[in-house]
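In the working numbering, the protein residues as written are 1 to 225. From the three backbone atoms N, C-alpha and C, an ideal C-beta is built for every residue, glycine too. All figures in this text were calculated on a predicted structure; none of them were measured in a lab. Beneath this line is the structure, given in structure tokens, with notes to follow.
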Amino acid sequence: MRASTLLSDADRARIDEAIRLAESETSGEIVPVVAGRSGRYERAAAFAGVAVAVIGLWVAWVLMQTVVQPTDRWDIGPYPALGLLPIVGIVVGGFFVGRFVMQRVGWLLRAFSSHREMLGEVVDAAEDAFFACHAHRTEDATGVVLYASLLERLVVVRGDTAIAEKLTDADWSAIRDALAKGLRDGRPADAFVDAIERTGQLLAKHFPANADDTNELHDRIHVID
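Here's what the structure looks like:
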């Protein structure tokens, strides 16, 4: 699924308003991000390519391969009907077909990729999003990214240094679980709004709003296809 098709304009407006309201109670800056996928998973794609190539070659060999006995020449012995060029074409074509299909069928890619590999890719992508969305540029180091990746069906919370000093991974577990469940249940807008509200309440306990607070980051959800 492309991340840009997940939310309607009305959904995005709801999420943007939820950010504004949540940040009114805290000096923290909340940055939700939704990505279509976080990794390329070339190993799984290559495995699929090899598998399709081998299966294609086996099928062609069983169904098409015969021994040709020339009848018009006595200087040539029996030879296989399926020559080198068709075999190379089947192998190469099968590899690229398998790789192409694997890269575009989410459940297949998940089936042939380990959870550890996918989590690593999502964590790395969340780190990249943290900097790309300028969450590291807040004055008091109180930016936090709520990163959801659709292909992997995983959620990562990445907080800046001030937040990491006071909040542990366990503090974010309920927010991660709620966001992941809402996305899994087909309620993306509700899921993000709920996660943003929960994040705002958690941040307000440790980083309450000050009278001189300014809005340092845009109140909007970031979409990465």
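Please work out which residues of its chain come closer than 6 Å, Cβ to Cβ, to residue i, disregarding the five sequence neighbours upstream and downstream, and give them in chain order.
{"i": "residue 133", "result": "31, 222"}
{"i": "residue 64", "result": "82"}
{"i": "residue 41", "result": "109, 113"}
{"i": "residue 20", "result": "219"}
Comparing alpha-carbon positions, which option in the options lies nearest residue i?
{"i": "residue 36", "options": "114, 103, 201", "result": "103"}
{"i": "residue 167", "options": "116, 143, 23", "result": "143"}
{"i": "residue 46", "options": "21, 148, 7, 97", "result": "97"}
{"i": "residue 48", "options": "100, 27, 4", "result": "100"}
{"i": "residue 149", "options": "217, 128, 27", "result": "128"}
{"i": "residue 197", "options": "212, 214, 178, 215", "result": "178"}
{"i": "residue 201", "options": "24, 9, 42", "result": "24"}
{"i": "residue 13", "options": "106, 219, 173", "result": "219"}
{"i": "residue 171", "options": "26, 192, 206", "result": "206"}
{"i": "residue 18", "options": "217, 193, 42", "result": "193"}
{"i": "residue 38", "options": "123, 175, 204", "result": "123"}
{"i": "residue 60", "options": "173, 50, 91", "result": "91"}
{"i": "residue 225", "options": "151, 169, 55", "result": "151"}
{"i": "residue 175", "options": "161, 156, 162, 163", "result": "156"}
{"i": "residue 216", "options": "173, 29, 15, 9", "result": "29"}
{"i": "residue 111", "options": "54, 44, 85", "result": "44"}
{"i": "residue 51", "options": "22, 107, 95, 84", "result": "95"}
{"i": "residue 203", "options": "22, 9, 212", "result": "22"}
{"i": "residue 125", "options": "213, 147, 195, 106", "result": "147"}
On the DSSP bridge list, what partners appear for residue i?
{"i": "residue 147", "result": "33, 156"}
{"i": "residue 224", "result": "35"}
{"i": "residue 208", "result": "26"}
Counting only the same chain and skipping the five closest in sequence on each side, list residues whose C-beta sits under 7 Å from that of residue i.
{"i": "residue 87", "result": "57"}
{"i": "residue 119", "result": "154"}
{"i": "residue 130", "result": "136, 145, 158"}
Considering only residues of the same chain and omitting the five flanking positions on each side of residue i, which have a CB-CB separation below 8 Å?
{"i": "residue 188", "result": "6, 7, 11, 34, 182"}
{"i": "residue 208", "result": "25, 26, 27"}
Do we get a CB-CB distance below 8 Å when we pair residue i with the residues of chain B?
{"i": "residue 149", "result": "Annotation note: the requested chain B is absent from the structure, which comprises a single protein chain."}
(request) Check whether the stretch 177-187 touches the stretch 127-140, counting contact only when three or more Cβ pairs, one atom from each stretch, lie closer than 8 Å. (result) With a cut-off of 8 Å, the stretch 127-140 and the stretch 177-187 do not count as touching, because too few Cβ pairs lie within range.
(message) Does the structure place the stretch 107-122 close enough to the stretch 5-13 that three or more beta carbon pairs sit under 8 Å?
(response) No contact exists between the stretch 5-13 and the stretch 107-122.
(request) Could you tell me which uninterrupted beta strand (DSSP E) segments, each at least 3 residues in length, are contained entirely in the stretch 94-153, listed from first to last along the chain? (result) Fully enclosed beta strand (DSSP E) runs of 3 or longer: 143-149.
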